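For reference, each letter of the sequence shown is one residue, going 15 to 397 in my numbering.
For glycine and all other residues, C-beta sits at the position ideal for the given N, C-alpha and C.
A quick note: this is a predicted structure, and the numbers were derived from the prediction, not measured.
A short write-up of the structure that comes next.
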Amino acid sequence: MVIESLPSSPAGEPDRRLTVGISLFARDGQAIWENGIHQNIAFLAMMLRKSGRIGRIYFLNGGDAKQIPTGLDFGGLDVELVNPRDVSHQLDVVIEMGAQLQVDWLKYMKTLGKKLIMCFVGNVYAGLCETPIFNQPSGHIFNGGPYDEVWILPKDDKTAKPLLRTLMRAPVYSMPHIWSPHFVDRRIAALAQEGIQFGYQAGRRTDWRLAILEPNISVVKSCHYPMLVADEFYRAQPDAVKHMFVINSMHMKEHSTFVHFANSLDLVRHHKATFEPRVELPSFLAQHTDAVISHQWENPQNYLYYDVLYGAYPLIHNSPMLGDAGYYYPEFDSATGGRVLHQAWREHDANLDSYRAKANALLQRVSIDNPANLDAYVERLLA
Numbered sequence: 015m016v017i018e019s020l021p022s023s024p025a026g027e028p029d030r031r032l033t034v035g036i037s038l039f040a041r042d043g044q045a046i047w048e049n050g051i052h053q054n055i056a057f058l059a060m061m062l063r064k065s066g067r068i069g070r071i072y073f074l075n076g077g078d079a080k081q082i083p084t085g086l087d088f089g090g091l092d093v094e095l096v097n098p099r100d101v102s103h104q105l106d107v108v109i110e111m112g113a114q115l116q117v118d119w120l121k122y123m124k125t126l127g128k129k130l131i132m133c134f135v136g137n138v139y140a141g142l143c144e145t146p147i148f149n150q151p152s153g154h155i156f157n158g159g160p161y162d163e164v165w166i167l168p169k170d171d172k173t174a175k176p177l178l179r180t181l182m183r184a185p186v187y188s189m190p191h192i193w194s195p196h197f198v199d200r201r202i203a204a205l206a207q208e209g210i211q212f213g214y215q216a217g218r219r220t221d222w223r224l225a226i227l228e229p230n231i232s233v234v235k236s237c238h239y240p241m242l243v244a245d246e247f248y249r250a251q252p253d254a255v256k257h258m259f260v261i262n263s264m265h266m267k268e269h270s271t272f273v274h275f276a277n278s279l280d281l282v283r284h285h286k287a288t289f290e291p292r293v294e295l296p297s298f299l300a301q302h303t304d305a306v307i308s309h310q311w312e313n314p315q316n317y318l319y320y321d322v323l324y325g326a327y328p329l330i331h332n333s334p335m336l337g338d339a340g341y342y343y344p345e346f347d348s349a350t351g352g353r354v355l356h357q358a359w360r361e362h363d364a365n366l367d368s369y370r371a372k373a374n375a376l377l378q379r380v381s382i383d384n385p386a387n388l389d390a391y392v393e394r395l396l397a
């Protein structure tokens, strides 16, 4: 849908462009690959700049860094990091997204007639429940901010929309998940200068290196089922597996429960598995990966999927929101997952063109260059 007729801006000037602030938790030492929310914030800013109805965009700093950390790789976005109070009167809309802003300032902004939006991109329900149950550091705190509306992603319609309607006493809208190859392309170019090629290469090898890249900080995205899928495949075709890398697992590898779980698998018993720290995704895919195995529980939209599909790597996943992209297995069915991985090993090279076409169709749907995605966000900003 292309918006033909636009309502007046909050200031009552029909032709004036909106000034938008997006909250960002700027902390020294941050890296763009450590947390998907940083990419989501960047993609939103990049997309909104394409609209003729959006003017200046600011990143509202909720962290302690004085400037945008170089590791976020935000160079070229041309979005200034500011103290929220320094731009109170310039802003038309505040999107609280990457950092919680002081509630007294939000209330002040409300008295000025500014529009306040709370945007959740993580798994709200899991964060709300797991942090107190497992004594983890607090995430989002519901502090009574006077928001006009709440944004979530479609992946959270089931678990978060009813919760947030009741808790925040505001309308909740599902907004498109958006993506761009911007950060991947920057790394691809840097890797190429080192002689490293990103992207699946047909016929390179028949013994696959399997990568499991879940964050392992919540049950919604953990390595357990991908490990089971990999072991099912290995039992059926032992010569087809060179190695299994379990990334983001260093904090679990000494825990007795996890040790006994891992030692139940043939891949571990046969010394074909290692447990690794966080990695930079494009580099690891390019140098150490032939296929990626993923699993989610009520969290079926992830940037990991899009980056892997962008490189045409086999993605074995259980997300019903990817359509016919990648290789799908249902829910918690690790046996089927193993068979799907086996199918990918047999057929991926021969079907690579078709695989790329399906992946590209998905990536176009979520692209920041898709006019429907921009229209959806601008429509809510103007409402």
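- Residues of the same chain with a CB within less than 7 angstroms of the CB of Gln-53, apart from the 5 flanking positions on each side, are Ile-46, Phe-197, Tyr-317 in chain order.
- In this structure, the beta-carbon distance from Ser-348 to Glu-228 does not fall below 8 angstroms.
- Taking a cut-off of 8 angstroms on C-beta distances, the region 105 to 114 touches the region 32 to 51, as three or more cross pairs fall below it.
- With contact defined as three or more Cβ pairs closer than 8 angstroms, the region 85 to 95 and the region 58 to 73 are in contact.
- Secondary structure note for Val-392: its alpha helix (DSSP H) is the uninterrupted segment 385 to 396.
- Cβ atoms of Leu-355 and Val-243 come within 8 angstroms of each other, at about 6 angstroms.
- In the DSSP annotation of this structure, the continuous segment of the beta strand (DSSP E) that includes Thr-288 starts and ends at 287 to 289.
- Under the DSSP assignment, Lys-372 falls outside any beta strand (DSSP E), being part of the alpha helix (DSSP H) whose first and last residues are 366 to 380.
- Going by C-alpha positions, Arg-223 is about 15 angstroms away from Leu-295.
- For Arg-370, same chain residues with a beta-carbon under 7 angstroms away, outside a window of 5 residues either side, are Ala-326 in chain order.
- The count of Cβ pairs closer than 8 angstroms, one atom from the region 214 to 222 and one from the region 319 to 335, reaches three, so the stretches are in contact.
- By the neighbour-count definition (other C-beta atoms within 10 Å, threshold 16), Thr-125 is an exposed residue.
- Per the C-alpha coordinates, the member of Val-117, Arg-31, Ser-308, Val-186 positioned closest to Val-135 is Val-186.
- Beta-bridge annotation (DSSP): Leu-224 is paired with Met-258, Ala-305.
- DSSP, reduced to helix, strand and coil, places His-331 within a strand of the structure shown.
- The DSSP-derived three-state label of Tyr-341 is strand.
- Pro-146 and Ser-152 have their alpha carbons spaced roughly 8 angstroms apart.
- For a cut-off of 8 angstroms, the C-beta gap from Met-60 to Asn-387 is around 11 angstroms, too long to register as a contact.
- Taking the Cα positions, Leu-323 is about 31 angstroms away from Asp-42.
- Sequence-distant partners of Lys-286 (beyond 5 residues in either direction) whose C-beta falls short of 7 angstroms from its own C-beta, in its chain, are Val-255, His-257, Met-258.
- In the DSSP assignment, Ile-55 falls within the unbroken alpha helix (DSSP H) covering 50 to 62.
- Assigned with DSSP and collapsed to three states, Met-132 falls in strand.
- Counting every other CB atom within 10 Å of its CB across the protein chains shown gives Phe-57 a total of 16 or more, marking it as buried.
- Your pair Ile-131 and Glu-110 checks out as a contact, with CB atoms roughly 7 angstroms apart and the cut at 8 angstroms.
- Val-282: member of the alpha helix (DSSP H) spanning 280 to 283, first to last residue.
- Apart from sequence neighbours up to five positions away, the residues of its chain that approach Ile-210 with a beta-carbon distance below 8 angstroms are Ser-297, Ala-300, Gln-301, ordered along the chain.
- Taking Asp-280 as the centre and dropping the five residues before and after it, the same chain places the C-beta of Asp-245, Tyr-248, Arg-249 closer than 7 angstroms to its C-beta, in chain order.
- In the three-state DSSP reduction, Thr-173 falls in the coil class, being neither helix nor strand.
- Cβ-Cβ distances below 8 angstroms link Met-182 to Met-132, Phe-156, Tyr-161, Val-164 in the same chain, with the five nearest sequence neighbours on each side left out; the list follows chain order.
- Apart from the 5 residues on each side of it in sequence, Leu-366 sits with its Cβ closer than 6 angstroms to the Cβ of Ala-216 in its chain, given in chain order.
- The three-state reading of DSSP puts Glu-361 in helix, counting H, G and I together.
- For a cut-off of 8 angstroms, the C-beta gap from Ser-333 to Tyr-319 is around 7 angstroms, short enough to register as a contact.
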